[in-house]
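Scroll down for the structure; my scribbles are underneath it.
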Amino acid sequence: MFVGELSLNGDIKRVKGALSMAINCKNEGKEYLIIPKENAIEAAMISEIKVIPVENLNQVVDFLSNKIDIKSVNIDRKSILKRIPSDDIDFRDVRGQFQAKRALEIAAAGGHNVILTGPPGAGKSMLAKRIPTIISEMTFDEIMEVTKIYSISGLLSSNSHLIKNRPFRSPHHTITDIGLIGGGNYPKPGEISLAHNGVLFLDEITEFGRNTLEALRQPMEDGKVIISRNKASFKFPSKFMLIASANPCPCGFLGDSFNKCRCSHYQISNYKKRLSGPLLDRIDIHVFVPRLSKEDLTGDSDNESSIDIRKRVQKARAVQRKRFLKAQISCNAYMNTKHISKYCKLDEDVKRLLEMAIGKMGISGRGYYRILKVSRTIADLDKSKEIKINHVSEAIQYRVSDKKYF
Ligand SMILES: [Zn+2]
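This note's numbering applies: residue 28 is where the sequence shown begins, and numbers increase by one.
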């Protein structure tokens, strides 16, 4: 197979999507892939084919007529796949906020969506940005999936051949539907696909266009987005953790212990309408992030590092991988109703508590299943086979603040 952009002077220049083409080359049973030198390392991730790097057309002719020998590219895949010790951010930098940290640990362990509500300056974005540091490392297949998306989007540079760390995408609220979901004349993946296997962070989610947010619902449910164009349709994966942040009201101080909220009931109820019920229903964990007092911010506190939290998350993920081996899903968040009835069996006592809470709080049927999924993750973190009463009651808590602020 030959791939490359041929320029008028005979040079062969790099192309987008080299990794996908190398996979295709393998799938079609071809032995050799002749490819621009700058794309060679990316393509060589596929070990079953021989990747021949070339710079111009003369080299191709000479190679094919046995005048020169070009060695196929050999890379040390193991060392290339090693995660880059990610930057300098760590959960240790966030003082206090133990409830929010606990909620994010649960979210990372089960792949759940989260909304962080709280006054401005409480540290919502600081918390969100640290989520990728506690999610388990990507598997080889996950790295390939993500790299393919960046490769066809032209987002790999000539010295970054692979996306090894889980993506963290944080689009601005002025983003268009196409920018977020994907599309265009030559369909390109949107932010939801660039966040595949990672985190999509919507900071100040109430500022996003309502239609834009509604367009998220289907891909969130399906884990993929399909874009149809004339005679063809394009499928891009979009399994991401949605982390949203929002002020609790227009002025931002509803529920704050330092400043008084100046909003009227009318303003608050209008503000809440910016997020639709069905969208909120798809968010499993709702947490209030308060502003901290001076004492909390300056006092000595023993903050856990991301590495320590990640160890627990990884253990809980390993339990899920084993559980879902046949089901072909990766974590609790992706359970369907069949999986839930199989893996989230409750004792009579626990069931009664849950049903009582649901009646009192007016939670929807979908909300009920969300609570069960989060309970399953909490039990997994607790290394418990059964879902116990304390697991369910903690999961219920993460839906209560929902009623108060959204
Ligand atoms: Zn207010």
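Every residue, glycine too, gets a C-beta built ideally from N, C-alpha and C. Small disclaimer: the values here were computed from a predicted structure and weren't measured.
Q: Report, in whole angstroms, the separation of the C-beta atoms of HIS223 and SER180, which I expect to be a contact under 8 angstroms.
A: Actually they do not touch by this definition, with Cβ atoms about 11 angstroms apart.
Q: Could you tell me which uninterrupted beta strand (DSSP E) segments, each at least 3 residues in length, are contained entirely in the region 273 to 361, listed from first to last along the chain?
A: 312 to 315
Q: Indicate, with yes or no, if ligand 1 has a heavy atom lying under 6 angstroms from the CB of LEU207.
A: LEU207: no, Cβ never under 6 angstroms from ligand 1.
Q) Which residues are close to ligand 1, meaning CB closer than 6 angstroms to any heavy atom, in chain order? A) Sorted by chain position, residues whose beta-carbon lies closer than 6 angstroms to a non-hydrogen atom of ligand 1 are CYS276, PRO277, CYS278, PHE280, LEU281, CYS288, ARG289 and CYS290.
Q: Measure the beta-carbon distance from VAL377 to ASP311 and round it to whole angstroms, keeping in mind my assumption that it falls under 8 angstroms.
A: So it is not a contact: roughly 18 angstroms between Cβ atoms.
Q) Closest by CA to VAL419, which one among LYS412, LEU408, LEU381 and GLY386? A) Nearest option by C-alpha distance: LEU381.
Q: Using beta-carbon positions only, say whether LEU227 and PHE267 come within less than 7 angstroms of one another.
A: yes
Q. Does DSSP put PHE29 in a helix, a strand or coil?
A. strand
Q: State the beta-bridge partners of TYR177 as determined by DSSP.
A: Paired residues: none, contrary to the question.
Q: May I ask you to list the residues that DSSP assigns as paired with ILE62?
A: DSSP lists PRO80 as partners of ILE62.
Q: Grab me the residues of PRO214's own chain with a C-beta within less than 7 angstroms of its C-beta, minus the 5 sequence neighbours each way, in chain order.
A: ILE254, ARG256 and PHE261
Q: Run the CB neighbour count on MET383, radius 10 Å, all protein chains shown included, and call it buried at 16 or more, exposed below.
A: Within 10 angstroms of the beta-carbon of MET383 lie fewer than 16 other beta-carbons, which makes it exposed.
Q: Taking LEU399 as the reference, give the member of LYS387, ARG426, ASN192 and THR160 with the closest Cα.
A: ARG426
Q | Same chain, Cβ closer than 6 angstroms to GLN341, neighbours up to 5 away in sequence not counted | A | SER163
**Q.** Limits of the unbroken alpha helix (DSSP H) element including VAL42
**A.** Looking at the DSSP string, VAL42 is not in any alpha helix (DSSP H), and its letter there is neither H nor E.
Q | Beta-bridge pairing of LYS215 - partner residues as DSSP gives them | A | GLY210
Q: Tell me whether SER92 is buried or exposed, calling it buried when 16 or more other Cβ atoms sit within 10 Å of its Cβ.
A: exposed
Q: Within 10 angstroms of the Cβ of ARG393, are there 16 or more other Cβ atoms? Answer buried if so, exposed if not.
A: Its Cβ having fewer than 16 others within 10 Å, ARG393 is exposed.
Q) Pairing CB atoms from the region 83 to 91 with CB atoms from the region 68 to 75, are three or more of them under 8 angstroms? A) Not touching, per the Cβ criterion.
(Q) Ignoring anything shorter than 4 residues, give me the alpha helix (DSSP H) runs that lie fully in the region 102 to 164, in order along the chain. (A) 104 to 108, 125 to 137 and 151 to 156
Q.
Taking the alpha-carbon of SER284 as reference, which of GLU231, LYS415 and GLY145 has the nearest alpha-carbon?
A. Ranked by Cα distance from SER284, the first of GLU231, LYS415 and GLY145 is GLY145.
Q: Kindly identify the DSSP beta-bridge partner or partners of LEU221.
A: Partner(s): none; LEU221 has no beta bridge.
Q.
I'd like to check one pair, GLY217 with GLY206: are the Cβ atoms closer than 7 angstroms?
A. yes
Q) Span of the beta strand (DSSP E) holding LYS191? A) DSSP places LYS191 outside any beta strand (DSSP E), giving it a letter other than H or E.
Q | Cα-Cα separation between ASN359 and LYS94, rounded to whole angstroms | A | 57 angstroms
Q. Around the C-beta of LYS387, are 16 or more other C-beta atoms found within 10 angstroms, so that it is buried, or is it exposed?
A. exposed
Q) With burial defined as no fewer than 16 other Cβ atoms inside 10 Å of the residue's Cβ, what is the status of THR239: buried or exposed? A) buried
Q: Would you tell me roughly how many angstroms separate the C-alpha atoms of ARG397 and GLU172, rounded to the nearest one?
A: 27 angstroms
Q. If we count the other Cβ atoms within 10 Å of its Cβ and call it buried at 16 or more, is PHE29 buried or exposed?
A. Flag for PHE29 reads exposed.
Q) What residues in its chain sit with their C-beta under 6 angstroms from that of ALA136, if we drop five residues either side in the sequence? A) VAL340, ALA343, THR404 and LEU408
Q) For ILE254, does the three-state DSSP call read helix, strand or coil? A) strand
Q: Please name the residue in ASN186, PRO305 and LYS372 whose C-alpha comes closest to that of SER391.
A: PRO305
Q: Compare the C-alpha of PRO80 against each of ASN51, ASP38 and VAL121 and name the closest.
A: It is ASP38 whose Cα lies nearest to the Cα of PRO80.
Q. Which whole-angstrom value describes the C-beta separation of THR203 and LEU46, a residue pair presumed to lie in contact below a C-beta threshold of 8 angstroms?
A. Actually they are not in contact, since the Cβ atoms of THR203 and LEU46 sit about 27 angstroms apart, beyond 8 angstroms.
Q) Residues in its own chain within less than 8 angstroms of PRO246 by CB, not counting five upstream and five downstream? A) ILE208, ILE219, VAL252 and SER265
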